[in-house]
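Asker: Residues 0 to 81 in numbering that gives the first Met the number 0 are what the sequence shown lists, from first letter to last. Quick reminder that beta carbons are idealized off the backbone N, C-alpha and C, glycines included.
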Amino acid sequence: MDEDHPVTVRAAFIPQRSGKAEVPGQQQINVTRMIVDAHVEGVTLWSRIEYQGRMWDIVTPPAYHHGDRRTRHWSIDIRERP
0 MDEDHPVTVR AAFIPQRSGK AEVPGQQQIN VTRMIVDAHV EGVTLWSRIE YQGRMWDIVT
60 PPAYHHGDRR TRHWSIDIRE RP
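(1) Please classify I13 as buried or exposed, where buried requires at least 16 other C-beta atoms within 10 Å of its C-beta.
(2) By how many angstroms is the C-alpha of P5 removed from the C-alpha of A37?
(3) Given a cut-off of 8 Å, decide if T31 and I77 are closer than it, judged by their beta-carbon atoms.
(4) Ends of the beta strand (DSSP E) at V35?
(5) Using only alpha-carbon positions, find the residue among E2, A11 and P61 that is nearest to I34.
(6) Note down, in chain order, each residue of its chain lying with its Cβ closer than 6 Å to the Cβ of P59, except the 5 sequence neighbours on either side.
(7) Excluding the 5 residues preceding and the 5 following V39 in the sequence, name in chain order all residues of the same chain whose CB lies nearer than 6 Å to its CB.
Printed below as a string of structure tokens:
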């Protein structure tokens, strides 16, 4: 896949953790788990995510969860770009 041909997927998002910026100059860090269908192709650590109008980076290798046809999925932890 490339930037000229993005893939739109349906996903569930579950907040994992966040670090609040308490001192000027610090950044707020939000980490969210993204769950997508197992049939999405090209899911890698180098994939790019746009969610809620902002760009997110993948912070852990995508994990494939094998189950029956209705429950298999990819789970991906993503971090909002500063």
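Answerer: Reading it off the structure:
(1) exposed
(2) 17 Å
(3) yes
(4) I28 to D36
(5) A11
(6) Per the sequence shown, the amino acid found at residue 59 is Thr instead of Pro. Excluding positions up to five away in sequence, the list reads D76.
(7) V8
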